[in-house]
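Enquirer:
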Amino acid sequence: MMAEAVDDIHSDEMIEAGRVLFAGACDFVMGAAREDQLPPTDLAEIAFAGRSNVGKSSLINALTGRKALARTSNTPGRTREVNFFDLGGKLMIADLP
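Residues 1 to 97, numbered by full-length UniProt numbering, are exactly what the sequence shown covers, in order.
#1: Using the Cβ count rule (16 or more neighbours within 10 Å means buried), how would you classify L87?
#2: Buried or exposed: where does I15 fall if 16 or more other Cβ atoms within 10 Å of its Cβ makes it buried?
#3: So, at 7 Å on beta carbons, what are the nonlocal neighbours of M1 in its own chain, with the 5 sequence-adjacent residues on each side left out?
#4: For N83, which three-state DSSP category applies?
#5: Please return the same chain residues whose Cβ sits closer than 6 Å to the Cβ of G24, not counting the five positions on each side in sequence.
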């Protein structure tokens, strides 16, 4: 049963759906430094979390095919707020510090 579920995830149709999703419009919504500043949304959210300067913002740029959507730097700690991006009205991406 588990092997079948994994095979379904990697089907050509699912891979194409992911490619189309991330190739579409993606816009910066806002940055939030505190919980009370989080944007209201009914969209599902995916958060990119990890240690400082490991490439979270660069991964978002690579997935969306954009070079400067999420700001990057060689200096650790560049992202200081949770930055939100709307992926074509289908998904919200959160880039964590």
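Ideal placement from N, C-alpha and C gives every residue a C-beta, glycine not left out. Predicted model only: the values in this text are computed from it and were never measured.
Expert: Taking the definition as stated:
#1: buried
#2: exposed
#3: Any reading at M1 must be qualified, since the residue scores a pLDDT of 46, below 50, and its modelled position is unreliable; the value itself is stated next. Once the five neighbours on either side are set aside, M1 has no close Cβ partner at all.
#4: strand
#5: G88
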